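Please read the structure below before turning to the comments.
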Amino acid sequence: MFDDMKGTINQLEEKELKSLLLQVFLRMQVVEERKGYSEQQFFLDIKKTYNDLLKYKKNQASVEEHTQFHTTHIVFGDSPAGSLKIALNKLGLNQHDKIITFSDLFSIGSIWNLHDSQGINKRYEWLRTHLNIDDEVLFNYEERFNRTLLDIEQIPSYHPIIIWAGENAHEQTGLRFVLYLLKGKINNIFIINTNEANKSHFNRIDIDFMPLNMGELSSEQLKKIYEHEKNGHALTQTERKAFEQQWEQLCENKEVLRIWESSKIMSVPETFFDGFIINTVEKSHQKKKHNDFIKTARIIGEVLGHLNQYIGDQFIEYRVRRLIVDGIFDMEGVPKAMRYYSIKMK
60 MFDDMKGTIN QLEEKELKSL LLQVFLRMQV VEERKGYSEQ QFFLDIKKTY NDLLKYKKNQ
120 ASVEEHTQFH TTHIVFGDSP AGSLKIALNK LGLNQHDKII TFSDLFSIGS IWNLHDSQGI
180 NKRYEWLRTH LNIDDEVLFN YEERFNRTLL DIEQIPSYHP IIIWAGENAH EQTGLRFVLY
240 LLKGKINNIF IINTNEANKS HFNRIDIDFM PLNMGELSSE QLKKIYEHEK NGHALTQTER
300 KAFEQQWEQL CENKEVLRIW ESSKIMSVPE TFFDGFIINT VEKSHQKKKH NDFIKTARII
360 GEVLGHLNQY IGDQFIEYRV RRLIVDGIFD MEGVPKAMRY YSIKMK
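Per the numbering used here, the very first residue in the sequence shown carries number 60; after that it's consecutive.
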């Protein structure tokens, strides 16, 4: 009974959880205000809500079971997931191909033992204490992460699995993590390297463009890539084992920053880009010929525009705040978000 209830809760959407919690709280409030609503009636109503929820999720599971999904895609990030969904829709495969999404950025933050609950909690705590992240995102982080793990665990054995990963530390770390999670499964597993596919199918001499991550490719590009790459080479057991072992080595490292260098994931100190950030501010001062405050968002945008790495603006903003604390930069404004404050060299 407990396992059924736990499984049902794990499968609830965010809006369903909020609605359920709101119903409970509103009824509790009416009981406390003694408006003719007894504790016994409260219990009966909550029991009915519980039974209705179980019935609803059971019916929903039955509908999903009879949906003829025959392929599972795994992607890293909401933006690429959205583009891939449009691409599959254009191919008429949206009712047949399922997408599982990790809404995360694996080039930053703790990945120590991320395949177990202790590691997930450690990552959550690092994100909570170091980055400016929306409270609602943080509140749902662990539940959403665990739901994605459950989705991966429940992939039917007959589904071919396609993992989309370009040449960056984020997607390559995610790739190794997922292959470790899949190590007991017999499914055929395929990797679509979006950088290699982009070179093969869209390379133009007159355009010098190399996407840093899958999210920079359009749905039309992903559609064409999938059409050309869907019948590729399934990983051998030897190849899978190599990726699993690479994850085991990666997740022992306690560094919180990873870069992609010479076709390898490199764990580096979190201070790795500090010199580049400082140099960017100094160059801005030299260009303007004075040391006035500069909008932090502008500096971060300039830094990211010149880095050949996909690490996201939140990590760079974290390092800017750290450099303020360390006395390298002066600050004007409130650092609750990068658009609210400015910096300059001391």
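Beta carbons are placed, not taken as given, at the ideal position from N, Cα and C, and that holds for glycine.
Values in this document were obtained by computation on a predicted structure and should not be read as measured data.
Boundaries (first-last residue) of the alpha helix (DSSP H) holding Val393: Counting from 1 along the sequence shown, the entry for residue 393 is found at position 334. Per DSSP, Val393 is not a residue of any alpha helix (DSSP H), being assigned neither H nor E.
Burial state of Asp175, where buried means 16 or more other Cβ atoms lie within 10 Å: The residue you call residue 175 lines up with position 116 of the sequence shown. Only exposed fits Asp175, as fewer than 16 other CB atoms lie within 10 angstroms of its CB.
Residue range of the unbroken beta strand (DSSP E) whose run includes Thr330: What you label residue 330 is simply residue 271 of the sequence shown in a count that begins at 1. Thr330: not part of any beta strand (DSSP E); DSSP gives it neither H nor E.
DSSP state of Lys403 mapped onto helix, strand, coil: Translated into positions along the sequence shown, residue 403 becomes position 344. Looking at Lys403 - three-state DSSP - the assignment turns out to be strand.
First through last residue of the alpha helix (DSSP H) which encompasses Arg380: Position 321 of the sequence shown, counted from the first residue, corresponds to residue 380. Asp372 to Val384 is the extent of the alpha helix (DSSP H) around Arg380.
Beta carbon of Ile318 nearer than 9 Å to that of Ala228: By 1-based counting over the sequence shown, the position of residue 318 is 259. By 1-based counting over the sequence shown, the position of residue 228 is 169. In this structure, Ile318 lies near Ala228, with their beta-carbon atoms less than 9 Å apart.
Endpoints, alpha helix (DSSP H) assigned at Lys157: Numbered from 1 along the sequence shown, position 98 holds the residue referred to as residue 157. For Lys157, no alpha helix (DSSP H) run applies; the uninterrupted beta strand (DSSP E) run containing it begins and ends at Asp156 to Phe161, by DSSP.
Beta carbon of Gly136 nearer than 9 Å to that of Phe161: As a first step, residue 136 is located in the sequence shown; it is residue number 77 there, counting from the start. As a first step, residue 161 is located in the sequence shown; it is residue number 102 there, counting from the start. Cβ distance < 9 Å, so Gly136 and Phe161 count as in contact.
Secondary structure of Val315, DSSP reduced to three states: Reading the sequence shown from its first residue, position 256 is the one you call residue 315. Val315: coil per DSSP, three-state reduction.
Beta-bridge pairing of His132 - partner residues as DSSP gives them: Position 73 of the sequence shown holds residue 132. Note: His132 sits in a beta bridge opposite Ile158 and Ile221.
Between the CA atoms of Ser321 and Ala224 - distance to the nearest angstrom: Residue numbering aside, residue 224 sits at position 165 when the sequence shown is read from its first letter. Residue numbering aside, residue 321 sits at position 262 when the sequence shown is read from its first letter. Cα atoms of Ala224 and Ser321: separation of roughly 16 Å, rounded to the nearest angstrom.
Lys300 versus Val90 - alpha carbon distance: Counted from its first residue, the sequence shown places residue 300 at position 241. Counted from its first residue, the sequence shown places residue 90 at position 31. Rounded to the nearest whole angstrom, the C-alpha separation of Lys300 and Val90 is 58 Å.
Where Met273 falls, given that 16 or more other Cβ within 10 Å makes a residue buried: Taking the first residue of the sequence shown as position 1, residue 273 is located at position 214. That one is buried.
Given 8 Å, three or more beta-carbon pairs between the segment 296-311 and the segment 226-245: The segment 296-311 makes contact with the segment 226-245; the number of CB pairs closer than 8 Å reaches 3 or more.
Test item: CB-CB of Arg182 and Trp171 under 9 Å: One-based indexing of the sequence shown puts residue 182 at position 123. One-based indexing of the sequence shown puts residue 171 at position 112. Yes, they are a contact pair.
Assigned secondary structure, Glu320 (DSSP; H/G/I helix, E/B strand, else coil): Numbered from 1 along the sequence shown, position 261 holds the residue referred to as residue 320. It is a strand residue.
Spatial distance of Asn246 from Ile167 (CA atoms): The residue you call residue 246 lines up with position 187 of the sequence shown. The residue you call residue 167 lines up with position 108 of the sequence shown. One C-alpha to the other measures close to 29 Å.
Where Val315 falls, given that 16 or more other Cβ within 10 Å makes a residue buried: Locating residue 315 in the sequence shown gives position 256, counting from the first residue. Burial call: buried.
Cβ separation of Ile370 and Asp389, assumed to be a contact under 8 Å, to the nearest whole Å: Along the sequence shown, one-based indexing puts residue 370 at 311. Along the sequence shown, one-based indexing puts residue 389 at 330. Going by Cβ atoms, the distance from Ile370 to Asp389 rounds to 25 Å, so no, they are not a contact pair.
Within 9 Å, strictly: CB atoms of Gly233 and Phe165: For the purposes of this step, residue 233 is taken as the residue at position 174 of the sequence shown. For the purposes of this step, residue 165 is taken as the residue at position 106 of the sequence shown. Contact flag set, yes.
Opening and closing residue of the alpha helix (DSSP H) in which Phe204 lies: Against the sequence shown, residue 204 aligns to sequence position 145. Judged by DSSP secondary structure, Phe204 falls within the alpha helix (DSSP H) whose first and last residues are Asp194 to Glu212.
Short Cβ contact (9 Å threshold) for Ile336 with Val362: Here residue 336 corresponds to residue number 277 of the sequence shown, with the count starting at 1. Here residue 362 corresponds to residue number 303 of the sequence shown, with the count starting at 1. Yes, these two residues count as a Cβ contact at 9 Å.
Per-residue DSSP class, three states only, for Lys354: By one-based count along the sequence shown, residue 354 stands at place 295. Lys354: strand per DSSP, three-state reduction.
Whether Asn359 touches Ser343 by CB criterion (9 Å): As a first step, residue 359 is located in the sequence shown; it is residue number 300 there, counting from the start. As a first step, residue 343 is located in the sequence shown; it is residue number 284 there, counting from the start. Before going on, a small fix: residue 359 reads as Ile here, not Asn. No.
Reduced DSSP category for Ile167 - H, G, I as helix; E, B as strand; rest coil: Taking the first residue of the sequence shown as 1, we reach residue 167 at position 108. Strand at Ile167.
Pairwise C-alpha distance: Ile284 and Ile222: Counting from 1 along the sequence shown, the entry for residue 222 is found at position 163. Counting from 1 along the sequence shown, the entry for residue 284 is found at position 225. If I take the Cα positions, the gap works out to 13 Å.
Pick from Phe261, Leu197, Asp333 and Tyr96 that is closest to Val379, judged by C-alpha positions: Position 320 of the sequence shown, counted from the first residue, corresponds to residue 379. Ranking the options by Cα distance to Val379, first place goes to Asp333.
Local conformation of Asn148 per DSSP, three classes: Stepping through the sequence shown from its first residue, residue 148 is reached at position 89. Secondary structure of Asn148 (DSSP, three-state): helix.
Local conformation of Ile250 per DSSP, three classes: In the sequence shown, residue 250 corresponds to position 191, counting from 1. Three-state DSSP puts Ile250 in a strand.
Through-space distance from Asn199 to Asp193, alpha-carbon basis: Counting from 1 along the sequence shown, the entry for residue 193 is found at position 134. Counting from 1 along the sequence shown, the entry for residue 199 is found at position 140. Taking the straight line from one Cα to the other gives about 10 Å.
Beta-carbon spacing of Leu16, Ser142 below 9 Å: Because the chain here runs from 60 to 405, residue 16 falls outside it and cannot be looked at.
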